[in-house]
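Taking it in order: structure first as structure tokens, then the write-up.
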Amino acid sequence: SLLCLLVSLFTITRVNGLAAQLRFQTSVVSGMISFSFAHTKMSAQLVVSLLLLMVPGNHGATKWKSEFYCPPRHYKSRAHPVPLQDGLYLPVLASHRPGTAGLRQAVILIHGAPREAEAYYRDLMRVVQEQKKGSETLALTPVFADKPCAASSWSRRRRAAVANSAQVPYWTGPNIDWPSGAESENKKASQRISSFLVLDYLVDWTASKYSGLQRIVVTGYSAGAMTVARWAVLSPEGTDGKTTSGVPLRAIVQ
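According to the numbering used here, the residues represented by the sequence shown are 17 to 270, in order.
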């Protein structure tokens with residue numbers, strides 16, 4: 017379950033897993049796999065297995081009921097915009113304001129197919145508080161939207177970060193293609209962006225806005241786990257176990 021995954025983030029026991037520069041570490045909890053990232057010398061079998069994950073599917077053509085709300089129904093004071101390219105922003109819920117000092121770790125949790133970021137944020141915060149890690153942990157849940165949402169509607173805290181008219185990247189339709197890195201469906205060509213590049217932006221933003229972080233963890237559940245597993249293989253973030261700015265980085269999927 018999602019809660020088992022979140023609890024595992026704070027209690028994970030490392031066990032040596034498969035070798036290769038992309039190292040796997042398995043947890044004794046929930047069969048979790050942790051990617052320690054380095055993108056060279058992977059075995060042929062591992063490469064083929066990971067590439068098979070890239071094949072987009074229609075997930076049974078399930079028509080998910082979207083749970084993306086603009087503005088958010090809850091946690092409005094936690095809504096922030098992360099600047100992307102050419103008038104785009106990523107909507108996120110963050111437990112601490114950008115610029116907050118003294119945080120030790122950031123946990124970025126990717127939602128499932130229904131885009132239920134608010135529910136994921138609630139569950140993540142519940143675990144953070146139960147583990148008494150609230151003062152040192154940044155909890156972040158981004159949204160891969162399925163409809164337009166202007167920055168002025170998403171967050172009152174946008175300040176100078178993005179323009180009022182800045183728009184979200186969005187992925188519509190019954191098929192769930194953002195876990196495969198698909199480009200967004202924005203009408204303006206320059207505003208179409210891969211979901212994987214969006215995650216790169218988010219990791220960079222987290223490392224730059226919350227200086228002093230000792231580690232960043234990216235994780236997800238259901239469609240969010242598929243997203244993280246694929247992104248971890250293809251992203252330049254995480255080479256040698258660090259972000260491009262040098263912060264230790266891990267990706268954990270269940």
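We put the CB at the ideal spot given by N, CA and C, even for glycine.
Is it the case that the Cβ atoms of residue i and residue j are separated by a distance below 8 Å?
i	j	result
Gly186	Asp216	The question names Gly, but residue 186 is Tyr in the sequence shown. Not closer than 8 Å, so no.
Val249	Gly236	no
Pro107	Val159	yes
Val123	Leu218	no
His96	Ser171	yes
Leu119	Leu156	no
Thinking C-alpha only, which one of the options is nearest residue i?
i	options	result
Glu253	Gly150, Asp220, Ala117	Asp220
Ala133	Trp247, Ser196, Val214, Arg89	Arg89
Gln121	Lys225, Glu152, Ala241	Glu152
Pro164	Val233, Thr188, Asp256	Thr188
His127	Lys148, Thr255, Ser251, Val234	Val234
Thr116	Gly150, Ser251, Gln145	Gly150
Taking Cβ positions only, does residue i come closer than 8 Å to chain B?
i	result
Ser169	Of the chains in the structure shown, none is chain B; there is only one protein chain.
Hey, how far is the Cα of residue i from the Cα of residue j?
i	j	result
Val268	Val178	The amino acid occupying residue 268 in the given sequence is Ile; Val does not appear at that position. Approximately 30 Å between the Cα atoms of the pair.
Leu100	Ala166	13 Å
Ala198	Leu213	10 Å
Arg231	Pro264	5 Å
Ser169	Ser261	31 Å
Tyr226	Arg94	15 Å
CB-CB under 7 Å to residue i, same chain, minus the five flanking residues each way: which ones, in chain order?
i	result
Met70	Unreliable placement is indicated for Met70, whose pLDDT of 46 sits below 50; the coordinate value is still reported in the next sentence. Ser196, Arg246.
Tyr6	The chain is shown only over 17 to 270; residue 6 falls outside these bounds and no answer can be derived.
Lys258	Pro264, Leu265
Ile209	Leu100, Gln101, Leu104, Pro185, Glu199, Ser200
Tyr91	Leu109, Glu134, Tyr137
Which residues in the same chain have their Cβ closer than 6 Å to the Cβ of residue i, if we skip the five residues on either side of it in sequence?
i	result
Lys242	Residue identity check: residue 242 is Met in the sequence provided, not Lys. Correct list, in chain order: Pro195.
Apart from the five residues just before and just after residue i, which ones in its own chain have a Cβ nearer than 8 Å to its Cβ?
i	result
Leu229	Leu119, Arg120, Gln121, Ala122, Leu154, Thr222, Ala223, Val263
Do the segment 141-150 and the segment 202-215 make contact, defined as three or more Cβ pairs closer than 8 Å?
no
Given 8 Å, three or more beta-carbon pairs between the segment 83-103 and the segment 191-199
no
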